[in-house]
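**Student:** One structure, pasted below without further comment.
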Amino acid sequence: MKLRKSLWRIFGPFIIAAAALLLLLYAPFSFGKVSNATLRRASVSMSSNILKGNKVKDQAVKQGYVPFIGSSELSRMDSFHPSVLAAKYKRNYRPFLLGAAGTQSLTHYFSVQAMGNQMKNKKAVVIISPQWFVKKGVRPSMFDFYYSPVQTAYFLAHAKNTAQDRYAAKRLLQLPSGTSDDVVTGALENVALGRKLTSFQSFYVKDLRGKMLKQEDAMFSEDFLKNNVPKIQLAASKLPKTYNEYKLEQLANQMGAQQTKGNPFGIKQKFYQNRVKPLVKHLKGSQTNFNYVSSPEYADFELLLNQFAKENTDVLFIIPPINQKWANYTGLSNTMIQQFDRKITYQLQSQGFNNIDDLTQDGNQKYFMEDTIHIGWRGWLQVDQRVRPFLKDLKAKPQNYKIQSRFYTKKWQTQTDLNQMSTTK
Amino acid sequence: MINLQPYANPMYFAILGVALLPLIIGLLNGKRLYWYGTLVSFIFLVLIFDGNKIHQGIALIGYGIYEVLLSWLYLRYRTNSKNKNSTPLFVLAVVLAIAPLVVVKMTPLFSPNPSLLGFLGISYLTFKVVGYIMETRDGVIKTFDAVKYIQFLFFFPTISSGPIDRYRRFVKDYDSVPSREKYLELMGKGFHNIMLGFFYKFLLGYLFGTLLLPQVAHLAMISRGGFLDISWGLVGYMYVYSCYLFFDFAGYSLFAIGVSYFMGIETPINFNKPAIAHNVKDFWNRWHMTLSFWFRDYIYMRFVFFAMKHKLFKSRITTANVGYILLFLIMGFWHGETWYYIAYGIFHACAMILTDAWIRFKKRHKGMFPSNKFTYAMAVFFTFNTVCFSFLIFSGFLDTLWFH
């Protein structure tokens with residue numbers, strides 16, 4: 001009797017704490033809705049936990065936010081940024097920014113697939129950075145930074161024997177993130193081979209680990225958000241009260257001129273001082289051999305397209321340019337960029353994604369680019385020219401997508417001879 | 001192949017808890033299940049060194065056979081009454097005992113690949129072997145018991161990074177069974193240690209090491225260019241790294257001690273609130289204690305005795321100071337053959353010499369300095385910062401900052 005008491009004194013508190021934790025992690029109750037203020041903040045935070053989570057995103061889309069999927073350019077929050085324009089002119093939509101420096105197609109695929117049918121018959125905007133399409137594709141450390149176990153669990157729980165799922169599983173297994181959990185690795189291997197999960201794997205990803213991750217997401221994904229709302233408000237306060245294309249264009253010219261003074265590239269002076277000037281000598285001719293035409297990113301991107309097709313999501317694709325002066329200085333090849341543009345456009349159009357805003361020819365326009373590769377001022381205004389009519393109606397009409405699994409092949413990833421494809425157009 | 005690195009994650013503790021259950025029930029009932037304990041130890045050792053770590057496992061077995069043979073031969077020599085207690089032979093035995101470790105430590109100087117002789121925990125095993133040989137020389141270890149010696153050397157909770165136990169102390173626990181009251185007390189302490197270890201290693205160690213350290217490192221790297229590249233980022237790095245080092249290592253030691261307690265072995269503690277040390281001497285009595293006591297007993301004390309016996313130096317002070325330099329230089333070289341580990345050793349040797357000098361000076365001039373709560377707090381503050389600075393040297397970050 002005394003022994004039992006002594007043991008309880010030692011282990012009792014731990015047992016109670018562990019039981020409470022398990023209850024919290026596996027509780028059947030949900031943690032309530034995300035408030036509108038939090039949604040507003042989350043929509044411009046670009047925080048990684050938002051991207052990695054499901055709860056906030058799912059609810060945002062349900063309440064009329066439109067995913068703006070991209071990478072570092074989304075952080076260029078000047079007065080003409082999509083989030084600013086939508087808020088200032090009280091449009092019927094609000095962008096929900098998904099992405100930050102280092103997010104590429106694969107991260108976005110896992111994020112969007114975990115939204116499941118939340119995206120059914122909805123709209124989205126995707127900004128495709130040419131810089132994603134480097135020889136080795138997404139950097140493993142970057143992917144790992146945005147890696148979301150809860151989205152992988154969702155993927156596994158819904159995986160089928162399709163080219164899409166097999167490729168996604170195979171791709172994940174090539175990255176350290178995919179091998180960070182032994183059971184998940186085993187499950188991914190099964191999906192990659194087109195097999196079903198074992199019953200334990202299925203129990204693990206759906207219930208044991210899956211539920212826990214879901215609760216974690218529900219409890220913590222609203223916290224630690226970067227607050228960009230003041231930045232957006234400040235940027236909006238500089239805009240004219242009523243929307244006027246001509247006035248906005250003038251203002252963009254004015255602001256651009258003001259902020260790019262003092263450097264030969266016509267880019268934001270702050271960026272020039274901090275990021276370019278210290279290295280300017282090394283940068284000359286440094287990008288001569290850059291190549292965005294052969295890359296596993298094309299197949300990763302196909303995953304995303306496939307997902308949109310599955311849910312009949314209507315998507316506007318924006319292909320931003322590269323600052324021409326910058327490209328000339330660093331020796332980045334124009335021909336190569338055109339090749340990239342043709343290849344990605346072909347991949348889009350041949351599968352029925354015809355809503356493309358190709359800006360690759362605009363890199364030499366004044367105040368179009370905020371810095372070397374990121375659009376700003378007039379660039380954002382140009383984007384708005386397409387976004388505004390596109391989002392007049394937030395419901396997607398039935399799309400005529402024809403997904404072709406050949407875009408997952410190594411052959412397509414590395415194909416540089418583009419004449420072959422233009423004939424099939 | 002399943003591979004379990006010691007204390008790597010909470011899962012390890014769950015598995016270990018289940019594996020130790022029969023042993024625990026036995027001890028609660030006044031029995032030590034020797035065969036079962038040996039089996040569990042063996043399995044957990046295999047799990048550390050299997051799979052892709054198999055090369056280390058082979059090195060460990062080779063090393064074990066070699067050191068056990070060496071210890072046995074030396075003990076046989078010492079316990080034969082016909083033999084004198086030859087000093088050259090003793091020196092030879094120690095040199096042979098540390099030879100594998102020296103090879104492992106020197107290899108990085110000559111080759112990009114780690115030595116084939118190396119394995120996780122070789123340093124700590126070598127400390128134990130050398131301690132055993134020294135006590136054999138002293139004649140306090142008289143009988144060779146291969147089973148107990150192997151149990152002592154390969155005691156799995158402490159194999160990778162200590163604390164460094166001593167043979168006779170270990171055997172005393174190993175040969176006896178604690179009373180139920182005593183064992184319950186050990187379990188209570190052990191469990192508390194493990195929980196505190198979680199807090200230290202998985203929460204605070206993570207906070208300082210994984211979340212903060214890269215940030216201050218980045219800050220320090222981008223603000224290079226001033227005098228010696230000193231910046232606020234570097235100052236931040238110094239404190240963050242020091243906290244990381246403590247919480248990571250102290251957490252690890254708490255795990256090892258806690259698990260030992262559950263096995264009925266009272267492994268000595270390794271840290272005793274080092275942040276409140278009031279001078280560097282006090283610090284070394286609180287920080288990585290089993291290591292510093294090992295160095296004190298087996299290097300410093302022995303050197304001092306040797307120097308006094310052979311009258312190497314005229315003054316006691318010189319003897320002590322040379323002893324400090326010897327001790328900390330060896331510690332520096334043991335950490336690794338880089339300039340910053342050796343600089344770290346020299347820094348601490350100087351700090352010890354200065355501390356002694358300061359204490360002597362205060363004794364000679366009694367009443368010259370006030371001694372109160374405030375001066376004590378100042379001493380603690382000063383010691384803390386001195387030690388943190390030494391850890392900045394130790395971290396190797398200055399090497400990155402200045403030369404890379």
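Just so you know, the sequences run in chain order Z and F.
Using our numbering, the first residue of the first sequence is number 1, and each one after it goes up by one.
Using our numbering, the first residue of the second sequence is number 1, and each one after it goes up by one.
All residues carry an ideal CB built from backbone N, CA and C; glycine is no exception.
Taking Z/P95 as the reference, give the member of Z/S177, Z/G262, Z/Q338 and Z/S43 with the closest Cα.
**Tutor:** Z/S43
**Student:** Buried or exposed: where does F/E181 fall if 16 or more other Cβ atoms within 10 Å of its Cβ makes it buried?
**Tutor:** exposed
**Student:** For the alpha helix (DSSP H) containing F/I141, name the first residue and the last one.
**Tutor:** From DSSP, F/I141 is part of no alpha helix (DSSP H); its letter is neither H nor E.
**Student:** Is the separation between the beta-carbon of Z/P321 and that of Z/L359 shorter than 8 Å?
**Tutor:** yes
**Student:** Quick one: Cα of F/G332 to Cα of Z/S35, how far?
**Tutor:** For F/G332 and Z/S35, the distance between alpha carbons rounds to 57 Å.
**Student:** Would you please state the rounded distance, in angstroms, between the beta carbons of F/F262 and F/I2? I believe it to be under 8 Å.
**Tutor:** In fact, because the Cβ distance is near 22 Å, the residues do not count as touching under 8 Å.
**Student:** Report the neighbours of Z/S294 on chain F: residues whose CB is nearer than 7 Å to its CB, in chain order.
**Tutor:** Correct list: empty, because the minimum Cβ distance to chain F is about 32 Å.
**Student:** Grab the span of the alpha helix (DSSP H) containing F/A343 for me, first residue to last.
**Tutor:** W339 to R364
**Student:** Distance, Cα to Cα, F/N193 vs Z/L348?
**Tutor:** 59 Å
**Student:** Quick check: is the beta carbon of F/M187 nearer than 8 Å to any beta carbon in chain Z?
**Tutor:** yes
**Student:** Is F/G131 near F/Y298, with beta carbons less than 8 Å apart?
**Tutor:** Between F/G131 and F/Y298, the C-beta gap is smaller than 8 Å, which places the two residues in contact.
**Student:** In terms of residue numbering, what span does the alpha helix (DSSP H) encompassing F/I2 cover?
**Tutor:** F/I2 -> no alpha helix (DSSP H), and no H or E assigned at all.
**Student:** Roughly how many angstroms separate the alpha carbons of Z/T424 and Z/G352, rounded to a whole number?
**Tutor:** The predicted model places Z/T424 with a pLDDT of 45, which falls under 50 and marks its position as unreliable, so this point remains unresolved.
**Student:** Against F/F119, what residues of chain Z qualify as contacts under a CB-to-CB distance less than 7 Å, listed in chain order?
**Tutor:** Neighbours of F/F119 on chain Z: none; closest Cβ ~24 Å, over 7 Å.
**Student:** So, under 8 Å CB-CB, F/T267 and F/T158 are touching, yes? Tell me the CB distance rounded to an integer number of Å.
**Tutor:** 6 Å
**Student:** Classify Z/P67 as helix, strand or coil using the three-state DSSP reduction.
**Tutor:** strand
**Student:** I'd like to know if Z/S6 contacts chain F, where contact means its C-beta is closer than 8 Å to some C-beta of that chain.
**Tutor:** yes
**Student:** Going by the beta-carbon positions, is the gap between Z/F155 and Z/A114 smaller than 8 Å?
**Tutor:** yes
**Student:** Using only the alpha-carbon positions, how far apart do Z/Q361 and Z/L97 sit?
**Tutor:** 25 Å
**Student:** When DSSP labels each residue in this structure, what does Z/V34 get in the three-state scheme?
**Tutor:** coil
**Student:** Helix, strand or coil for F/F164? Go by DSSP, reduced to three states.
**Tutor:** For clarity, residue 164 of chain F is Ile in the given sequence; the question names Phe instead. Coil, per DSSP.
**Student:** Taking 8 Å as the threshold, find out whether the stretch 214 to 232 of chain Z comes into contact with the stretch 323 to 338 of chain Z through three or more Cβ pairs.
**Tutor:** no
**Student:** In terms of DSSP beta bridges, what is Z/V61 paired with?
**Tutor:** Looking at the DSSP assignment, Z/V61 forms no beta bridge with any residue, so it has no partner.
**Student:** Distance check for Z/Y272 and Z/T242, CA to CA, integer angstroms please.
**Tutor:** 33 Å
**Student:** Let me check one thing: in DSSP terms, what residues is Z/I322 bridge-paired to?
**Tutor:** BP columns for Z/I322 are empty, so no partner.
**Student:** What are the partner residues of Z/D358, as DSSP defines its beta bridges?
**Tutor:** Z/I319
**Student:** Is the CB-CB distance between Z/V126 and Z/I69 below 8 Å?
**Tutor:** Between Z/V126 and Z/I69, the CB-CB gap stays under 8 Å.
**Student:** Using a beta-carbon distance cut-off of less than 8 Å, what residues from the stretch 179 to 208 of chain F approach chain Z?
**Tutor:** R180, L184, M187, G188, F191 and M195
**Student:** Relative to the C-alpha of Z/K397, which candidate in Z/N355, Z/V383, Z/L381 and Z/Q413 has its C-alpha closest?
**Tutor:** Z/N355
**Student:** Name the chain F residues whose beta carbon is nearer than 8 Å to that of Z/I10?
**Tutor:** L184, M187, G188 and F191
**Student:** Name the chain F residues whose beta carbon is nearer than 8 Å to that of Z/F14?
**Tutor:** F191 and M195
**Student:** When you compare each of F/P100, F/H278 and F/R316 to F/N372 by their alpha carbons, which one comes out closest?
**Tutor:** F/H278
**Student:** Taking F/R32 as part of the alpha helix (DSSP H), name the residues at either end of that continuous run.
**Tutor:** F/R32 -> no alpha helix (DSSP H), and no H or E assigned at all.
**Student:** To the nearest angstrom, how far is the alpha carbon of Z/D165 from that of Z/T152?
**Tutor:** 11 Å
**Student:** Could you tell me the alpha carbon to alpha carbon distance between F/A320 and Z/I15, rounded to whole angstroms?
**Tutor:** 52 Å
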